[in-house]
Amino acid sequence: MTAAAVTALFAVWVVAVISPGPDVVVVLQRSLTGRRQGVATAVGIVAGLSVWLVAAFAGVAALVRVYPQVMVALQVAGGLLLATLGVLGLRGWWRSRATPPAPAQPAPPAPSAPDLLPRADFMRGLLTNLANPKALVFFGAVLTPFLSGEVSVVASVGIVAGLIAVALAWFGGLALVASHRVVNERVGRLLPWVDLVASVLFVGVGVAFVVAALA
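Take a look at the structure:
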């Protein structure tokens, strides 16, 4: 494998990772809530990307191409999952609008180490990413030239690790920037409307996934 080929792979990967989509939306949404929430969501998304990458290297993408019905089932399941996340978000938004603001409470104590990454936000990021099975096909297509017998196991592991590091740097950096005090002061008051738009987007994308799969 040449250096030029590896450079091209990472260039395509960067474009794919930073492209706007549900992953970016959910990281921005949760980062406006707090830094821990944003970082946990970013880590969950990268975990989902890691699953798709490993599946592509394991040949699952080729299996999907041979048996298209597997892709249909994955896409329907992913669309339903995204739509469900959106509906839950809409329900939470409606409840927050219907409930009067609670009186100010003393600041809670600092979280302990095990709570540094909220599990709920990690799972939100993980499920959001895994809800898009098209990532498997894309990764398989992009990685196919690099999966020949010429590539050693060590090189393959190095490539996957590098791709994961790039994704973590992007989504983690996005979470840190979006949760910064200056950004939060200017945009944080719009959080309820950000939640509403994100939830509607998730429902719309989820329904589109299901319709496209069954068409």
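Sequential numbering from 927 applies to the sequence shown in the numbering used here.
From the three backbone atoms N, C-alpha and C, an ideal C-beta is built for every residue, glycine too.
- Less than 8 Å divides the Cβ of residue 954 from the Cβ of residue 1104.
- Residue 933 counts as exposed, since fewer than 16 other beta carbons sit within 10 angstroms of its beta carbon.
- The C-alpha of residue 1093 is placed about 8 Å away from the C-alpha of residue 940.
- In this structure, residue 967 lies away from residue 1045, with their beta-carbon atoms at least 8 Å apart.
- Cβ neighbours of residue 973 within its own chain (closer than 8 Å, five residues either side excluded): 1048, 1051, 1052, 1055.
- For residue 966, the enclosing alpha helix (DSSP H) stretches over residues 961–983.
- Here the alpha carbons of residue 1003 and residue 1057 stand approximately 7 Å from one another.
- Counting only the Cα atoms, residue 947 lies some 12 Å from residue 1130.
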